[in-house]
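Here is the structure we will look at.
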Amino acid sequence: MKHFIISLLALVSVSAIAQECSVDIARSAPDTRFVLNDEGSVKDQLTGLTWMRCRLGQTWNKVDKTCDGTPQTFYWQSALTTIETINDPNGNHALHQFSGMKQWRLPNVKELYSLTEVACYGPAMNTKVFAETFKQEVADPSAKLWSSTPANNVFDLDDVAKGTDGKKIMTYYTMNGEVYPQLPGKYEFGILLVAE
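Just so you know, the sequence shown maps onto residues 1214 to 1409 in the numbering used here.
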(Lines of atoms letter the chains of each structure in order from A and count residues from 1; the text may use other names and numbers.)
(Lines give C-alpha, C1' and ligand atoms only; values in the text may rest on other atoms or scores of the structure.)
Protein backbone atom coordinates (compact mmCIF):
# COMPACT_ATOMS: atom_id res chain seq x y z
CA MET A 1 0.00 0.00 0.00
CA LYS A 2 2.86 2.36 0.87
CA HIS A 3 4.44 1.87 -2.59
CA PHE A 4 1.09 2.50 -4.27
CA ILE A 5 0.63 5.83 -2.47
CA ILE A 6 4.19 6.95 -3.29
CA SER A 7 3.67 6.02 -6.95
CA LEU A 8 0.38 7.89 -7.03
CA LEU A 9 1.99 11.01 -5.53
CA ALA A 10 4.79 10.87 -8.09
CA LEU A 11 2.26 10.76 -10.92
CA VAL A 12 0.28 13.69 -9.56
CA SER A 13 3.32 15.91 -8.95
CA VAL A 14 4.59 15.61 -12.53
CA SER A 15 1.27 15.68 -14.31
CA ALA A 16 1.32 16.89 -17.87
CA ILE A 17 -1.78 17.82 -19.77
CA ALA A 18 -2.50 15.98 -23.00
CA GLN A 19 -4.40 17.87 -25.66
CA GLU A 20 -8.09 17.06 -25.94
CA CYS A 21 -10.14 18.00 -29.00
CA SER A 22 -13.86 17.89 -29.68
CA VAL A 23 -15.05 16.13 -32.81
CA ASP A 24 -18.27 18.21 -32.68
CA ILE A 25 -16.57 21.60 -33.14
CA ALA A 26 -15.22 22.76 -36.50
CA ARG A 27 -11.47 23.41 -36.49
CA SER A 28 -10.48 27.09 -36.43
CA ALA A 29 -6.77 26.45 -37.07
CA PRO A 30 -6.65 23.39 -39.37
CA ASP A 31 -3.38 22.08 -40.82
CA THR A 32 -4.40 23.34 -44.29
CA ARG A 33 -4.30 26.94 -43.08
CA PHE A 34 -0.52 26.78 -42.54
CA VAL A 35 2.51 26.31 -44.80
CA LEU A 36 5.33 24.61 -42.89
CA ASN A 37 8.97 25.56 -43.51
CA ASP A 38 11.73 23.00 -42.88
CA GLU A 39 13.78 25.74 -41.21
CA GLY A 40 11.38 25.97 -38.25
CA SER A 41 8.86 28.60 -39.23
CA VAL A 42 5.27 28.45 -40.42
CA LYS A 43 3.30 30.82 -42.67
CA ASP A 44 -0.30 31.43 -41.68
CA GLN A 45 -2.22 31.78 -44.95
CA LEU A 46 -5.19 33.40 -43.20
CA THR A 47 -3.25 36.28 -41.62
CA GLY A 48 -0.14 36.35 -43.83
CA LEU A 49 2.10 36.20 -40.74
CA THR A 50 5.15 33.97 -40.34
CA TRP A 51 5.62 32.38 -36.90
CA MET A 52 8.52 30.59 -35.29
CA ARG A 53 7.35 27.06 -34.53
CA CYS A 54 9.31 26.97 -31.25
CA ARG A 55 9.25 29.30 -28.28
CA LEU A 56 12.47 31.15 -27.45
CA GLY A 57 14.86 28.82 -25.67
CA GLN A 58 13.95 25.88 -27.87
CA THR A 59 15.62 24.94 -31.14
CA TRP A 60 14.01 23.46 -34.23
CA ASN A 61 14.96 19.84 -34.93
CA LYS A 62 14.67 19.34 -38.72
CA VAL A 63 14.99 15.57 -38.52
CA ASP A 64 12.33 14.92 -35.88
CA LYS A 65 10.28 18.00 -36.87
CA THR A 66 9.93 19.10 -33.28
CA CYS A 67 11.29 21.62 -30.82
CA ASP A 68 14.18 20.54 -28.62
CA GLY A 69 15.11 22.07 -25.29
CA THR A 70 13.25 23.98 -22.63
CA PRO A 71 11.43 27.22 -23.42
CA GLN A 72 12.79 30.27 -21.62
CA THR A 73 10.65 32.69 -19.66
CA PHE A 74 11.19 36.44 -19.61
CA TYR A 75 9.96 39.54 -17.89
CA TRP A 76 8.27 41.69 -20.53
CA GLN A 77 11.07 44.29 -20.80
CA SER A 78 13.67 41.51 -21.04
CA ALA A 79 11.63 39.98 -23.85
CA LEU A 80 11.76 43.26 -25.79
CA THR A 81 15.51 43.56 -25.24
CA THR A 82 16.07 39.97 -26.40
CA ILE A 83 14.09 40.63 -29.58
CA GLU A 84 16.19 43.75 -30.28
CA THR A 85 19.31 41.59 -29.92
CA ILE A 86 17.89 38.99 -32.33
CA ASN A 87 17.16 41.67 -34.94
CA ASP A 88 20.47 43.56 -34.53
CA PRO A 89 22.35 43.27 -37.86
CA ASN A 90 25.63 43.97 -36.06
CA GLY A 91 25.08 41.23 -33.50
CA ASN A 92 25.61 37.53 -33.83
CA HIS A 93 22.44 36.11 -32.30
CA ALA A 94 21.69 32.58 -33.53
CA LEU A 95 18.14 33.62 -34.47
CA HIS A 96 19.18 36.69 -36.51
CA GLN A 97 17.37 36.36 -39.87
CA PHE A 98 16.00 33.00 -38.73
CA SER A 99 14.19 31.26 -41.58
CA GLY A 100 15.05 34.21 -43.85
CA MET A 101 12.99 36.74 -41.88
CA LYS A 102 14.71 40.03 -41.01
CA GLN A 103 12.49 41.53 -38.32
CA TRP A 104 11.05 39.19 -35.72
CA ARG A 105 8.78 40.82 -33.16
CA LEU A 106 6.49 40.22 -30.23
CA PRO A 107 2.98 39.62 -31.60
CA ASN A 108 0.01 41.65 -30.48
CA VAL A 109 -2.69 39.84 -28.52
CA LYS A 110 -5.02 39.60 -31.54
CA GLU A 111 -2.30 37.88 -33.55
CA LEU A 112 -1.68 35.39 -30.74
CA TYR A 113 -5.40 34.80 -30.33
CA SER A 114 -5.68 34.09 -34.08
CA LEU A 115 -3.69 30.89 -33.43
CA THR A 116 -6.38 29.52 -31.10
CA GLU A 117 -7.77 26.13 -32.04
CA VAL A 118 -11.28 26.43 -30.59
CA ALA A 119 -11.93 22.69 -30.86
CA CYS A 120 -9.03 21.83 -28.56
CA TYR A 121 -7.81 22.37 -25.02
CA GLY A 122 -4.49 21.72 -23.29
CA PRO A 123 -3.17 23.35 -25.50
CA ALA A 124 -5.74 25.29 -27.51
CA MET A 125 -3.37 25.40 -30.50
CA ASN A 126 -2.59 23.24 -33.51
CA THR A 127 0.09 20.91 -32.14
CA LYS A 128 1.06 19.60 -35.57
CA VAL A 129 1.84 23.10 -36.83
CA PHE A 130 3.61 24.14 -33.66
CA ALA A 131 5.43 20.83 -33.36
CA GLU A 132 3.82 19.90 -30.07
CA THR A 133 5.92 22.63 -28.45
CA PHE A 134 2.95 23.62 -26.32
CA LYS A 135 2.52 20.36 -24.43
CA GLN A 136 3.30 21.56 -20.93
CA GLU A 137 3.08 20.52 -17.36
CA VAL A 138 0.41 22.06 -15.20
CA ALA A 139 1.35 25.59 -13.99
CA ASP A 140 4.21 25.96 -16.52
CA PRO A 141 4.88 29.74 -16.78
CA SER A 142 6.05 29.36 -20.39
CA ALA A 143 2.49 28.27 -21.30
CA LYS A 144 1.57 31.96 -21.11
CA LEU A 145 2.98 34.11 -23.89
CA TRP A 146 3.76 37.82 -23.76
CA SER A 147 2.11 40.05 -26.34
CA SER A 148 3.00 43.60 -27.34
CA THR A 149 -0.47 44.81 -26.35
CA PRO A 150 -0.89 47.06 -23.31
CA ALA A 151 -3.95 46.33 -21.19
CA ASN A 152 -5.47 49.80 -21.40
CA ASN A 153 -7.54 50.88 -18.41
CA VAL A 154 -6.55 47.79 -16.43
CA PHE A 155 -4.60 48.76 -13.33
CA ASP A 156 -3.68 46.90 -10.19
CA LEU A 157 -4.36 49.31 -7.33
CA ASP A 158 -2.30 47.13 -4.99
CA ASP A 159 0.75 47.68 -7.17
CA VAL A 160 0.06 51.40 -7.58
CA ALA A 161 0.07 51.62 -3.78
CA LYS A 162 3.48 49.88 -3.79
CA GLY A 163 4.93 52.57 -6.05
CA THR A 164 4.61 51.01 -9.51
CA ASP A 165 2.40 52.41 -12.25
CA GLY A 166 0.20 49.29 -12.13
CA LYS A 167 0.01 49.09 -15.94
CA LYS A 168 -0.39 45.64 -17.41
CA ILE A 169 0.39 43.83 -20.65
CA MET A 170 -1.93 41.30 -22.27
CA THR A 171 -0.80 37.67 -22.28
CA TYR A 172 -2.12 34.64 -24.15
CA TYR A 173 -2.58 31.37 -22.28
CA THR A 174 -1.89 28.53 -24.72
CA MET A 175 -3.62 25.91 -22.59
CA ASN A 176 -7.12 27.38 -23.00
CA GLY A 177 -6.77 30.15 -25.61
CA GLU A 178 -7.71 32.92 -23.18
CA VAL A 179 -6.06 36.30 -22.71
CA TYR A 180 -5.14 37.87 -19.38
CA PRO A 181 -3.61 41.19 -18.26
CA GLN A 182 -0.36 40.73 -16.32
CA LEU A 183 2.17 43.03 -14.67
CA PRO A 184 5.24 43.21 -16.94
CA GLY A 185 7.81 43.39 -14.15
CA LYS A 186 6.22 40.83 -11.86
CA TYR A 187 5.95 37.68 -13.97
CA GLU A 188 8.09 35.79 -16.45
CA PHE A 189 6.34 34.17 -19.42
CA GLY A 190 7.26 32.59 -22.73
CA ILE A 191 7.76 34.22 -26.12
CA LEU A 192 6.62 33.09 -29.55
CA LEU A 193 7.92 35.39 -32.27
CA VAL A 194 6.21 36.54 -35.46
CA ALA A 195 7.28 38.37 -38.62
CA GLU A 196 5.46 40.01 -41.54
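Glycine is no exception: its CB is placed at the ideal position from the N, C-alpha and C atoms.
Item	Value
Rounded Cβ spacing between V1255 and F1247 (contact assumed at less than 8 Å)	5 Å
Where V1331 falls: helix, strand or coil (DSSP)	coil
Whole-number beta carbon distance between Q1285 and G1270, since they are thought to touch under 8 Å	3 Å
Reference A1332, options M1388, K1399, A1408, closest by Cα	M1388
Beta-carbon spacing of G1335, Q1232 below 8 Å	yes
8 Å Cβ shell around S1241 - same chain, five flanking residues per side excluded	T1329, E1330, V1331, A1332
Range covered by the alpha helix (DSSP H) that runs through T1295	1289-1300
Burial state of A1307, where buried means 16 or more other Cβ atoms lie within 10 Å	exposed
Nearest-angstrom Cβ-Cβ length linking E1324 and V1392, presumed shorter than 8 Å	Actually they are not in contact, since the Cβ atoms of E1324 and V1392 sit about 11 Å apart, beyond 8 Å.
Limits of the beta strand (DSSP E) - the one that L1269 falls within	No beta strand (DSSP E) contains L1269, which DSSP labels as neither H nor E.
Cα-Cα separation between A1292 and I1404, rounded to whole angstroms	7 Å
Cβ pair G1390, A1337 closer than 8 Å	yes
With 16 other Cβ atoms within 10 Å as the buried cut-off, status of V1276	exposed
Assigned secondary structure, G1253 (DSSP; H/G/I helix, E/B strand, else coil)	coil
Minimum C-alpha distance to A1239 - residue among N1339, M1265, T1362, W1317	N1339
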